[in-house]
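Inspection log for the structure reproduced underneath, given as structure tokens.
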Amino acid sequence: MIKQFFWNPRLKSVKNKHVVITGGSSGIGKCVAIIAARHGANVTIIARDVQRLETVKNEILHACENKDVQRVEYLSLDIGANYENVEKALADLEKTMGPIYMLVNCAGVAICGKIEDTTVDSLDKMIHINLLGTYYCIKAVVQRMKASREGAIVVTSSQAAFLDTPGFAVEELSKPLETRLISQTSTLVRPEVVADKLFKDALAGKFFSSVGLEGFILTTLCSGMSPFKSISELFLQASLMGLLRIVSAFYLISFEKIILNCMRTRDKNKKSE
Ligand SMILES: NC(=O)c1ccc[n+]([C@@H]2O[C@H](COP(=O)([O-])OP(=O)(O)OC[C@H]3O[C@@H](n4cnc5c(N)ncnc54)[C@H](OP(=O)(O)O)[C@@H]3O)[C@@H](O)[C@H]2O)c1
118 MIKQFFWNPR LKSVKNKHVV ITGGSSGIGK CVAIIAARHG ANVTIIARDV QRLETVKNEI
178 LHACENKDVQ RVEYLSLDIG ANYENVEKAL ADLEKTMGPI YMLVNCAGVA ICGKIEDTTV
238 DSLDKMIHIN LLGTYYCIKA VVQRMKASRE GAIVVTSSQA AFLDTPGFAV EELSKPLETR
298 LISQTSTLVR PEVVADKLFK DALAGKFFSS VGLEGFILTT LCSGMSPFKS ISELFLQASL
358 MGLLRIVSAF YLISFEKIIL NCMRTRDKNK KSE
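The C-terminal position of the sequence shown is numbered 390 in the working numbering, with every residue numbered one higher than the one before it.
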């Protein structure tokens with residue numbers, strides 16, 4: 118029973134396997150696609166802009182371990198528009214490129230703002246791409262993956278650390294000052310570093326993949342009822358959770374200070390107008 122509990126199949130290699138990356142034409146997704154190609158995988162990248170997909174496809178082809186054998190494809194698809202489209206597109210893709218061994222969900226947008234300044238449309242857009250789009254892609258492939266008893270699904274999400282990607286630059290434009298200042302308390306991480314860690318952790322069958330100290334603190338604090346890979350990991354999380362909760366209080370107090378300072382500055386500026 119205990120053995121079964123700890124049994125977590127180790128994904129040995131993606132060589133000659135089909136790896137699909139949504140959002141593979143930019144940022145973290147593009148870096149993951151290049152790493153998968155270096156590891157000998159057949160790679161498909163999914164995004165909407167065909168021109169960008171075409172350019173990145175060539176970059177991925179250059180990264181292939183064995184250009185004569187490996188295949189690289191792209192699929193222009195709006196993953197959040199409609200489930201039937203996504204299901205058909207991925208089923209057709211599997212017919213030409215083979216069963217999907219690893220699905221990495223990197224497509225996403227971040228439109229920031231204080232809740233009172235955001236529009237219902239922008240939230241609707243984020244829900245459609247980030248949430249429904251990811252759900253549609255997973256739903257479309259998970260049954261076949263389960264039937265073959267192998268595979269991995271990776272979902273990317275935000276953590277306290279932030280990345281210098283094109284997506285991050287767009288995000289910065291809509292961030293309120295408070296959010297921008299709080300983000301700046303984290304270390305800047307290159308997308309290549311995140312992609313490399315993400316890929317290694319996915320191959321190792323890890324439940325969480327994070328980068329940097331903030332990532333470690335967050336994943337440890339959130340580990341609660343999440344699956345664990347080894348006894349040492351379980352004990353590390355259990356012993357650090359209480360202490361890290363105290364550490365998180367210092368982060369929260371410093372964030373609160375930033376918010377209060379911004380409020381005071383705004384009030385001062387209003388009075389002087
Ligand atoms: N960068 C950060 O600071 C940060 C932090 C935490 C989490 N994340 C999350 O990590 C993921 C990757 O971030 P990133 O900064 O590397 O992204 P990015 O550079 O902005 O790239 C986003 C990718 O998603 C594709 N995409 C967007 N909407 C799509 C749609 N409806 N259907 C299909 N593809 C779509 C884009 O291509 P097209 O526009 O051509 O479709 C592009 O390839 C995102 O989910 C992001 O929210 C990012």
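Note that the Cβ used here is the ideal one computed from N, Cα and C, for glycine as well. Just so we're clear, the structure is a prediction, and the values are computed from it rather than from any experiment.
query	result
Contiguous alpha helix (DSSP H) assignments of at least 4 residues, all confined to the stretch 168 to 216	200 to 214
Start and end residues, beta strand (DSSP E) containing residue 139	135 to 139
Residue 376: first and last residue of the uninterrupted alpha helix (DSSP H) it sits in	348 to 389
In DSSP terms, what residue 269 is bridged to	219
Residue 308 burial status per 10 Å Cβ neighbour count (16 or more: buried)	buried
Alpha carbon of residue 390 to alpha carbon of residue 298, nearest angstrom	24 angstroms
Cα-Cα separation, residue 216 to residue 375	49 angstroms
Residue 424 - containing alpha helix (DSSP H), residue span	The requested residue 424 does not occur in the structure, where the chain is confined to residues 118 to 390.
Where residue 65 falls: helix, strand or coil (DSSP)	In this structure the chain extends from 118 to 390, so residue 65 is not present and cannot be described.
Classification of residue 142 by the beta-carbon crowding that lies within 10 angstroms, buried from 16 upward	buried
Chain-order list of residues whose beta-carbon lies under 6 angstroms from that of residue 197 (same chain, five-residue window excluded)	245, 246, 249 and 250
Helix, strand or coil at residue 244 according to DSSP, with G and I counted as helix	helix
Contact test: residue 194 Cβ vs ligand 1 heavy atom, cutoff 8 angstroms	yes
Contact test: residue 232 Cβ vs ligand 1 heavy atom, cutoff 8 angstroms	no
Cα-Cα separation, residue 270 to residue 135	12 angstroms
Cα-Cα separation between residue 329 and residue 222, rounded to whole angstroms	21 angstroms
At least three beta-carbon pairs within less than 8 angstroms, the stretch 176 to 191 to the stretch 140 to 159	yes
Three-way DSSP call (helix, strand, coil) for residue 287 in this model	helix
Rounded separation between residue 381 and residue 313 - CA only	42 angstroms
Residue 311 classed as buried or exposed, judged by whether at least 16 other C-beta atoms fall within 10 angstroms	buried
Inter-residue Cα distance where the pair is residue 365 and residue 145	27 angstroms
Own chain partners of residue 192 with C-beta closer than 7 angstroms, once the 5 adjacent residues on each side are dropped	161, 163, 206 and 210
Rounded separation between residue 255 and residue 201 - CA only	13 angstroms
Inter-residue spacing [alpha-carbon to alpha-carbon] between residue 166 and residue 147	13 angstroms
Continuous alpha helix (DSSP H) stretch holding residue 228: start and end	Residue 228 -> no alpha helix (DSSP H), and no H or E assigned at all.
Burial state of residue 225, where buried means 16 or more other Cβ atoms lie within 10 Å	buried
At least three beta-carbon pairs within less than 8 angstroms, the stretch 233 to 244 to the stretch 258 to 269	no
Secondary structure of residue 236, DSSP reduced to three states	coil
Short Cβ contact (9 angstroms threshold) for residue 327 with residue 335	yes
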